[in-house]
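Since the structure comes first, as structure tokens, the remarks are kept for the end.
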Amino acid sequence: MNDYRNEMSRLGMGAIVRSGKYICPHCSASRKNKHDRSLSVTFEADGVLYKCHNAGCDFEGFIPFENRYMPHISKHYAKPARKQEDTDKSRLIRYFAARGISERTLEVYQVASKDKFIIFNYFKNGELVNIKTRENLGNGKKAFYQEKDTEKTFYGMDIVPQNEKKLIICEGEIDVLSFYECEMYAVSVPQGAGEKKLECIDNCWDFLQRFDEYIIAVDSDEAGHVLQRHLIQRLGREKCKIADWSKYELRGKDANDFLRVEPNILKDCIATAEFVPLAGITTFSSNKDKILNYFQHGFEKGFSTGWLDLDKIFTIKPGYLMIVTGIPTRGKSFFTDNLMVNLTQSQGWKHLIVSFENTLENHFSRLYAMTYHKSFSQKVSSLEDVSKGIDELSLYYLRLELDRGWNVDEIIAQAEYAAKRYGINSLVIDPYNRLDRDIQDREDLYIGEILKKLSLAAKRLNILIIFVAHPKKQSKEDGVPDMYSISGSADWYNMADYGLTIHREKNEGTGKLSKTTQVIVHKVKDITLGDPAGGKCELEYNQDSYVLEDKYQQQYWRKDYVD
């Protein structure tokens with residue numbers, strides 16, 4: 002039993018597994034109406050809030066629970082050895098002096114050199130965890146190298162004082178040094194602009210929680226805008242400010258450009274940084290970068306599903322809601338798992354899974370077989386294989402613990418946390434009928450409301466949400482179910498961005514299910530991602546690789562995504 006469940010039991014609330022009104026275990030025995038439900042219990046994202054509203058009863062409090070997910074296993078990182086450094090630092094000092102950076106700052110950050118290389122040492126809690134070297138290639142060109150298999154952290158994080166509540170985040174070690182010259186503390190991402198390169202957020206999560214505000218002061222170029230967008234998504238709009246270099250007549254793209262010419266601009270730019278606008282009214286000018294990018298490059302293409310036949314019908318993009326239906330036991334969950342594996346192997350996607358009908362052990366065994374193309378059995382896999390698989394798959398697949406009921410609001414809150422903490426790219430809810438809900442709600446109104454919430458959450462968090470729903474009970478005459486076969490509401494079709502039926506035919510004579518999985522696409526709302534009319538694709542189960550394959554068996558692109 003989890004620690005919070007032990008505490009619930011100790012307080013007399015052991016039978017409570019969902020939000021609601023209950024009889025107070027503290028005062029009900031002494032009351033005239035012993036059945037009065039005066040106790041309010043609310044399951045929040047981070048714990049259980051309880052309070053008795055009976056006058057004179059002081060029974061109230063908060064029971065926190067730690068991580069609600071399948072344990073997230075840390076990677077095993079290599080520890081770099083300190084590089085041999087030049088004893089004569091005169092050339093290094095001259096180079097940085099020309100960029101407005103003093104010898105004292107170089108000493109604070111332990112910047113060194115070796116021949117034509119500049120050495121940036123990364124420290125975390127006083128320990129050297131990574132080394133990045135910069136090579137000047139001449140003609141203004143440069144190259145960067147990092148130690149292999151080391152922990153990716155923010156550069157300069159150990160220099161930031163413990164009592165600092167605002168953190169400047171920039172896009173290069175020299176920018177960190179530039180801010181320090183102006184008596185400001187900053188950190189830099191170690192690997193550039195891509196979303197997949199923000200492993201530093203995962204590794205420095207506790208460090209980031211110290212701050213009330215993040216001031217994003219990245220380069221004012223296309224790569225910088227991409228990084229800015231990903232940082233806002235991971236850190237939360239409500240805590241992010243933007244340093245805007247473009248508002249100054251003196252042109253420059255980063256902190257060091259301005260330090261060399263007018264240091265006061267750095268202070269002014271940080272002091273006048275504005276919060277990212279929250280959801281609401283927007284303008285074309287505030288989305289200028291998006292519009293210009295669309296003008297230059299057109300619509301952003303979707304990601305492959307992993308099956309070329311299916312890609313002809315639709316491709317995948319985060320920010321959308323996918324509804325998957327089909328007769329029970331005909332392959333909905335298997336297809337969904339295979340799609341997750343494909344996206345992880347091709348794009349490095351991470352997933353939060355709410356699987357009400359699949360135990361943790363069974364679910365792991367299927368993901369293991371699909372990923373490594375080997376059976377989860379002692380005849381084929383060794384204990385070492387499975388142990389390694391646990392460590393590796395835990396980096397990409399998170400599960401919500403199912404020790405109580407969950408409603409849609411609670412699941413969305415967990416997904417929001419997971420999007421910031423772990424950078425998840427998808428949320429899978431399987432199936433709809435196991436969700437916790439107020440039975441007093443009219444089902445059609447309830448379905449419309451939760452689909453609206455999920456659709457908005459997908460856009461706000463920029464994740465793909467896959468929602469699995471069983472159809473109403475089918476008769477033999479009904480045939481293959483479609484989106485309108487799902488009980489309760491036409492909104493299953495109306496509000497879906499993608500609408501799919503997964504089906505396997507059943508042999509009436511033998512009762513066996515076909516190995517051919519039919520993927521029937523009823524709807525693709527975004528015309529840039531596929532055919533609005535949908536289509537049909539057939540996938541065959543390969544018992545040797547434990548995955549579904551299209552007729553071309555186009556699995557050649559699979560690659561080992563774990564080093």
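Going letter by letter, the sequence shown gives residues 2 to 564 in our numbering.
Even glycine gets a Cβ: it sits at the ideal position worked out from N, Cα and C.
For residue i and residue j, I'd like the C-alpha separation in whole angstroms.
i    : j    : result
Y96  : S305 : 46 Å
K167 : S221 : 21 Å
V188 : D437 : 43 Å
E393 : I233 : 27 Å
E8   : I328 : 41 Å
S378 : G349 : 26 Å
D89  : F118 : 14 Å
Q415 : S41  : 21 Å
G535 : N339 : 20 Å
L368 : V112 : 44 Å
A30  : L361 : 40 Å
F212 : E165 : 7 Å
K421 : H298 : 28 Å
F276 : L228 : 16 Å
K80  : Y423 : 23 Å
I94  : P191 : 23 Å
Y499 : R461 : 18 Å
G390 : M341 : 16 Å
A16  : R32  : 21 Å
H471 : T326 : 6 Å
V161 : Y186 : 6 Å
Y398 : F145 : 31 Å
L403 : F468 : 17 Å
L549 : M484 : 23 Å
Q147 : N126 : 19 Å
P26  : F44  : 18 Å
L384 : S366 : 13 Å
H226 : I324 : 32 Å
By DSSP, does residue i sit in helix, in strand, or in coil?
i    : result
D431 : strand
C270 : helix
N257 : helix
H226 : helix
I170 : strand
Y369 : helix
M9   : helix
M323 : strand
F212 : coil
E393 : helix
S114 : strand
K302 : coil
R461 : helix
Q147 : strand
R238 : helix
K142 : strand
T134 : strand
K153 : coil
R95  : helix
C538 : strand
A416 : helix
Q544 : coil
F121 : strand
Can you round the beta-carbon distance between residue i and residue j to whole angstroms, since I take them to be within the 8 Å contact cut?
i    : j    : result
K318 : G303 : 4 Å
I217 : A244 : 7 Å
S334 : N363 : About 10 Å separates the two Cβ atoms, so there is no contact after all.
H352 : V429 : 6 Å
F357 : R443 : Not confirmed; about 23 Å, so no contact.
L501 : I521 : 7 Å
K537 : Q519 : 6 Å
Nearest by alpha-carbon distance to residue i: which of the options is it?
i    : options                   : result
M14  : K33, V49 and F155         : V49
E417 : K125, L465 and P472       : L465
T316 : G512, V525 and R135       : V525
T345 : L396, F296 and F365       : L396
G21  : P432, V109 and N408       : N408
K552 : T273, L309, G480 and P533 : L309
A56  : C28, V219 and Q163        : C28
A82  : D545, P65 and L129        : L129
E239 : E214, E223, G225 and K254 : E214
S546 : S376, P533 and S486       : S376
T372 : T529, C201, G307 and A491 : G307
K516 : F285, G449 and T330       : T330
I425 : D410, E223, A458 and L311 : A458
Is the region 175-190 touching the region 97-108 in the sense that three or more CB pairs, one from each, lie closer than 8 Å?
-> yes
Tell me, please, whether the region 148-158 touches the region 124-133 by the rule of three or more beta-carbon pairs shorter than 8 Å.
-> yes
Cβ pair count under 8 Å reaching 3, the region 507-516 against the region 487-497 | no
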